[in-house]
Every structure is written in C-alpha cells, then in structure tokens.
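Residue numbers (my numbering): 2 to 208.
Shown next, in the form of structure tokens:
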C-alpha cells in the first residue's frame with residue numbers, strides 16, 4: 002500500500018463569514034471564523050453561546066492544524082449526527098483547515114425531522130463558509146545557503162529556475178549566507194538540482 006502524498010498546501014479562511022437560514026420558522030444563524038488552535042475555536046463557540054444565550058441549540062464543528070489535523074463537532078442536544086456532522090462535512094467538502102463554524106438555532110415551533118435538520122444545518126454552514134473569503138497557502142521549507150562570492154550568478158539562476166524566495170542575505174569571509182524559502186512541492190527537485198553546484202552548502206532546520 003502506497004503512502005499518502007505529503008501535504009504541500011492547505012486552504013483556510015482569511016476573514017469571518019456569516020449566514021442565516023430559515024425553515025418552518027426555525028432560524029439557523031451561522032458563523033465561520035478563522036482560528037489556529039482548539040482553544041481559539043472553543044472561545045468562538047463560547048462567544049456564540051453567550052451572544053445567543055436564549056437559543057435552543059448552538060451546534061458547531063472545527064478543524065485545526067496543517068500537517069496533523071484535529072477536528073471535533075457537536076450536535077448540542079439535536080438528534081445524533083443531524084447537526085455537527087453536516088457542519089463538519091461542509092468544512093471537509095471545501096478542504097479547509099483553521100476554521101470553526103457555529104450554527105445557532107432558534108426553534109420555530111415545528112419539528113423538522115432528521116432529514117430536515119441535516120439539510121438545515123448543512124445549508125447554514127454553507128452560507129457562512131460561502132460568505133468568508135478563502136485562500137490557498139503554499140507550505141515552504143526554510144533553507145540556509147552558503148556559497149562563494151564568485152558563484153552568485155549561478156546560484157541566482159538556480160533560485161530563479163525553481164522560484165525560490167530569498168528572505169535574508171548576509172555574508173562572512175568565505176562568501177554569502179542566504180536565507181531562502183522553498184515551496185514544499187518544489188523542494189525535492191530543487192535539492193536534486195542543487196547537487197550539481199558542488200560549492201553550494203545547504204543547511205535545513207530539523208523539524
């Protein structure tokens with residue numbers, strides 16, 4: 002069995018989004034918020050609970066982390082799997098991480114049934130996520146390059162060919178010391194190409 006491909010990018014939110022869905026007089030108020038940690042996600046959930054303290058349910062789901070992800074969801078008293086999982090499913094469908102979505106329900110007096118609840122919570126989550134701007138973030142690996150002064154032109158060409166970003170540049174008696182960032186998707190090819198430059202020493206920080 003082949004190993005899964007390494008993650009080289011991820012999608013996340015750049016700002017909050019909100020939505021409102023109404024079904025049989027029940028109101029589903031949704032909010033999607035970018036977060037980095039479980040603690041931040043839970044703080045958003047508690048904020049929504051306090052804001053809508055008189056609501057019957059505040060259901061939610063979050064996904065955090067990049068290479069290793071952590072996720073959780075809650076039906077908050079709704080029938081099992083009718084709220085939290087549909088919300089989480091919309092996050093998964095968009096391939097997002099670093100996000101928490103809450104859906105607060107004000108009961109309208111009529112029961113929606115299992116399928117009706119699933120549709121309502123899923124739709125409310127969709128509305129908030131659609132309202133929030135998304136972006137794809139490319140993962141990069143920081144490297145330190147050491148090379149002689151007279152090799153600056155071939156090194157610059159190597160970096161240009163592999164679209165490597167230079168972060169900082171210093172020097173010592175032996176030559177240049179450059180801090181660069183290489184997109185993870187390009188890293189294997191860059192390191193292979195760098196082997197042809199015998200004078201180039203590359204230091205990579207240990208994870």
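Note that beta-carbon positions come from the ideal geometry of N, C-alpha and C, so glycine has one too.
Of the residues 100, 167, 84 and 106, which one's Cα is nearest the Cα of residue 50?
Here the closest residue by C-alpha is 106.
Which whole-angstrom value is the C-beta distance of residue 113 and residue 121, which I expect to be below 8 Å?
Indeed, because the Cβ distance is near 6 Å, the residues count as touching under 8 Å.
Cβ-based neighbour list, residue 1, same chain, cut-off 6 Å, excluding 5 preceding and 5 following:
The requested residue 1 is not part of the displayed model; the chain covers only 2 to 208.
Give the C-beta separation of residue 42 and residue 138 to the nearest angstrom, bearing in mind that I take them to be a contact with Cβ-Cβ under 8 Å.
Between residue 138 and residue 42 the Cβ distance is about 18 Å, and since that is not below 8 Å, they are no contact.
Output the boundary residues of the alpha helix (DSSP H) element that contains residue 32.
Element bounds for residue 32: not the alpha helix (DSSP H) but the beta strand (DSSP E), 27-35.
Could you tell me whether the Cβ atoms of residue 16 and residue 130 are closer together than 8 Å?
8 Å or more divides the Cβ of residue 16 from the Cβ of residue 130.
Going by alpha carbons, who is nearest to residue 153 out of 69, 178 and 184?
Closest option to residue 153, judged by alpha-carbon separation, among 69, 178 and 184: 178.
Cβ neighbour criterion (16 or more within 10 Å) applied to residue 189
The residue in question, residue 189, is exposed, as its Cβ has fewer than 16 Cβ neighbours within 10 Å.
From the DSSP output, read off the bridge partner residues of residue 18.
Looking at the DSSP output, residue 18 bridges to 33.
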